[in-house]
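Going down the list, the protein sequences come from chains A and B. Under this note's numbering, think of the first position of the first sequence as 54, with each following residue one higher. Under this note's numbering, think of the first position of the second sequence as 5, with each following residue one higher.
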Amino acid sequence: MNLAVLGSVLLGGLAALDAVPLGQTMLSQPLVTATLVGLLWVDWHTAIEVGVVLQLIAASTLPVGARTPEDYASGGVIGASVALALATQQPYALAREASALLGSLAGLASAVAGVPLIRWQRRRNEGLSRWCEAELRRGQGGALAAAQWAGVAFAFAVGVAVTSVGLALGVWALGPLVAHESLRLSRAWTLAQPLWIGLGLAQVMNAFFQRRLARAAVFGFALIGAWLVLIVGGR
Amino acid sequence: MAPLRRRDLWRMAFRAALLQATFNYERQQGIGWAWALEPALARFYPDPALRRERLAEHTAYFNTQPTLASLALGAVARLEERRAAGEGPDAEAIARVKSVLGSSAAALGDPLFWFTLRPFAAGLGVLLAPAGPVQGALALWLCYNIVHLGVRMLGVGWGYRLGPAVLGDPLRHRLTLLTRWLGVLGAGLTGVIVATMLVPGGVPRPIVFQVCLLAGLGVGLVGAQRGRPSPTEWALGVGALCLLSTVFH
């Protein structure tokens with residue numbers, strides 16, 4: 054378990070790097086991070102349930118313009134890690150659903166709470182960029198590399214710190230809830246999971262449709278076609 | 005003066021991955037841009053003092069869609085080559101071209117990468133996620149990165165070869181077409197996802213699941229017409245309601 058915790062915390066740092074400072078290869082997307090967390094904790098089923106929910110809601114969270122998007126890099130890792138840490142503490146299957154619900158909520162809350170942190174990071178980087186230009190003009194050719202690597206190290210450290218705090222807080226605050234209220238929580242999961250999936254899919258549909266009737270028609274045909282294939286093929 | 009070698013172009017492409025390492029509200033990608041352009045400037049300006057002066061100019065404000073920034077990098081490297089040879093634009097003209105290239109790349113890149121390819125890759129990942137432990141994540145990652153890493157790695161070379169014309173009509177037409185067809189495919193993919201959510205493996209889900217999924221879709225479609233509350237805030241509200249409903253059950 055200790056290795057899984059350590060791995061999750063480091064993954065939080067790597068996801069924070071991938072989200073903006075390094076690469077933007079979608080390693081930071083909740084489905085990818087939840088899968089990696091699931092492999093670390095050896096429970097991919099619960100991890101993917103949380104990952105799918107967070108991924109669908111994150112899919113429409115876009116880093117465009119002046120808007121600071123929700124921090125799903127840390128949110129995805131924290132959500133899946135909290136769910137798996139809670140699930141491993143209980144021997145019952147019901148507790149897995151309760152853990153998935155609380156993990157998803159922890160992930161969503163962390164994503165929202167991460168926005169002021171991202172803003173703070175960007176304001177700190179303003180000082181770094183001013184320093185870099187001044188050093189360059191003063192004749193220090195290495196200032197660019199120093200500023201770049203300082204930015205990377207800073208983002209990684211913030212990612213690791215946020216994931217550690219989120220995981221510790223989540224397990225400490227939500228552990229007793231899973232232990233005593235797993236039946237109620239698993240009922241809540243049966244309602245919340247489809248509602249969240251529906252909410253997320255609606256955002257994705259909106260991104261694709263863009264109020265074009267032809268695309269809505271493609272959606273309808275695909276839905277009916279796939280439904281018929283599944284029903285007929287399933288029998 | 006020797007033109008950029010293939011090795012220089014690769015170094016610029018790899019450095020473009022750090023375009024947003026010091027992303028901030030004042031200069032946005034400015035420092036990352038200068039860092040990515042450094043291998044080209046090192047080739048064109050053997051005098052370190054002059055090179056540092058040029059680098060300092062490039063730390064000014066710059067912002068665009070990060071994948072297509074590679075094309076702009078290559079194009080500006082071509083301009084800097086002409087400037088170093090004494091036949092090209094001055095600092096002001098390069099700043100103007102940079103600004104135009106940044107806006108054009110964002111206008112093409114945002115709809116393709118953020119509004120279409122990212123949700124498409126996410127949808128593909130979600131569709132394949134129940135198939136096994138890594139299938140969904142792998143599909144998402146590969147689907148996005150075949151285009152993203154391909155353009156990032158090769159884009160610097162294209163930009164350098166064609167100069168500022170790289171973001172002209174032919175590329176614009178191709179990217180717009182790709183965005184349009186990916187949008188149509190995405191609409192179909194979403195239909196398939198909804199069907200597999202309702203009847204996975206041909207077995208219908210419980211009626212509560214189906215009703216809640218449709219309710220979520222309805223609320224989400226209405227909510228998507230307004231900027232606020234954000235989808236995450238909607239999801240938090242829905243989660244809190246579900247928790248409350250079980251408390252009073």
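Think of the CB as a built atom: it goes at the ideal place given N, C-alpha and C, for glycine as much as any other residue. The model shown is predicted, which means the values in this text are computed figures rather than measured ones.
Should Gln174(A) go down as buried or exposed, given a rule of 16 or more other Cβ atoms within 10 Å for buried?
Within the first sequence, numbered from 1, the residue matching residue 174(A) stands at position 121. Result: buried.
In or out: Phe272(A) buried (at least 16 other Cβ within 10 Å) or exposed?
The count along the first sequence starts at 1 and reaches residue 272(A) at position 219. Classification of Phe272(A): buried, given that the 10 Å Cβ count is 16 or more.
Please identify the residue among Gly187(B), Leu77(B), Leu45(B) whose C-alpha is closest to the C-alpha of Lys102(B).
Stepping through the second sequence from its first residue, residue 102(B) is reached at position 98. It is Leu77(B).
Distance check for Arg58(B) and Asp94(B), CA to CA, integer angstroms please.
Stepping through the second sequence from its first residue, residue 94(B) is reached at position 90. Stepping through the second sequence from its first residue, residue 58(B) is reached at position 54. Going by the C-alpha atoms only, they are around 11 Å apart.
Cβ-based contacts, 9 Å cut-off: residues of the stretch 170 to 198 of chain B near chain A
Leu186, Gly187, Val188, Leu189, Gly190, Ala191, Gly192, Leu193, Thr194, Gly195, Val196, Ile197, Val198
Euclidean distance between Cα positions of Leu63(A) and Ala275(A):
Stepping through the first sequence from its first residue, residue 63(A) is reached at position 10. Stepping through the first sequence from its first residue, residue 275(A) is reached at position 222. Near 40 Å, if we compare the C-alpha coordinates of Ala275(A) and Leu63(A).
For Leu75(B), which residues from the same chain have a beta carbon less than 7 Å from its beta carbon, with the 5 sequence-adjacent residues on both sides left out?
In the second sequence, the residue the question calls residue 75(B) occupies position 71. Contacts found: Ala109, Gly159, Trp162, Gly163, Val170, Leu171.
DSSP beta-bridge partners of Gln32(B):
As a first step, residue 32(B) must be located in the second sequence, where it is residue number 28. According to DSSP, Gln32(B) bridges with Asn28(B), Phe66(B).
Grouping DSSP H, G and I as helix and E and B as strand, with all else coil, what is Arg237(A)?
Position 184 of the first sequence, counting from 1, holds the residue named residue 237(A). The answer is helix: DSSP assigns Arg237(A) an H, G or I state.
So Gly154(B) packs on Gly140(B), CB below 8 Å; how close in whole Å?
Within the second sequence, the letter at position 150 stands for residue 154(B). Within the second sequence, the letter at position 136 stands for residue 140(B). 22 Å between Cβ atoms; not a contact.
With 8 Å as the limit, tell me which residues of the stretch 136 to 170 of chain A have their beta carbon closer than that to any beta carbon of chain B; keep them in chain order.
Leu154, Ser157, Leu158, Leu161, Ala162, Ala164, Val165
Nearest to Val138(B) by alpha carbon, out of Leu70(A), Ser61(A), Ala100(A)?
Your numbering for residue 138(B) matches position 134 in the second sequence. Closest option to Val138(B), Cα to Cα, is Ala100(A).
Residues of chain A with CB closer than 8 Å to the CB of Pro70(B), please, in chain order.
Locating residue 70(B) in the second sequence gives position 66, counting from the first residue. In chain order: Gln77.
Residue burial classification, Ala17(B) (beta-carbon count within 10 angstroms, cutoff 16):
Residue mapping note: residue 17(B) aligns to position 13 of the second sequence, counting from 1. Ala17(B) should be labelled buried.
Where does Ile211(B) land, buried or exposed, given buried means 16+ other C-beta within 10 angstroms?
Numbered from its first residue, the second sequence carries residue 211(B) at position 207. By the neighbour-count rule (16 or more Cβ atoms within 10 Å), Ile211(B) is not buried but exposed.
Am I right that Ala46(B) and Arg55(B) are in contact with their C-beta atoms under 8 Å? What's the rounded C-beta distance?
Taking the first residue of the second sequence as 1, we reach residue 46(B) at position 42. Taking the first residue of the second sequence as 1, we reach residue 55(B) at position 51. The Cβ separation is near 6 Å, so the contact holds.
Any Cβ of chain A within less than 7 Å of the Cβ of Glu85(B)?
Residue numbering aside, residue 85(B) sits at position 81 when the second sequence is read from its first letter. Judged by the 7 Å Cβ criterion, Glu85(B) is not in contact with chain A.
Just verifying my parser: in three-state terms, what is the DSSP assignment at Asn117(B)?
For the purposes of this step, residue 117(B) is taken as residue 113 along the second sequence, with counting starting at 1. Here residue 117(B) is Phe; the residue named in the question, Asn, does not match the sequence. Of the three classes helix, strand and coil, the one that applies to Phe117(B) here is helix, per DSSP.
Are the beta-carbon atoms belonging to Gly219(A) and Ile131(A) less than 7 Å from one another?
Sequence index remark: in the first sequence, residue 219(A) carries index 166 (1-based). Sequence index remark: in the first sequence, residue 131(A) carries index 78 (1-based). Yes.
From His98(A) to Tyr145(A), what distance separates their C-alpha atoms?
For the purposes of this step, residue 98(A) is taken as the residue at position 45 of the first sequence. For the purposes of this step, residue 145(A) is taken as the residue at position 92 of the first sequence. Each residue's alpha carbon lies about 15 Å from the other.
Among the candidates Leu222(A), Pro247(A), Leu248(A), Arg265(A), whose CA atom is the shortest distance from the CA of Arg184(B)?
What you label residue 184(B) is simply residue 180 of the second sequence in a count that begins at 1. Ranking the options by Cα distance to Arg184(B), first place goes to Arg265(A).
Answer yes or no: does any C-beta atom of chain A fall closer than 7 Å to that of Pro93(B)?
Counting from 1 along the second sequence, the entry for residue 93(B) is found at position 89. Closer than 7 Å: no.
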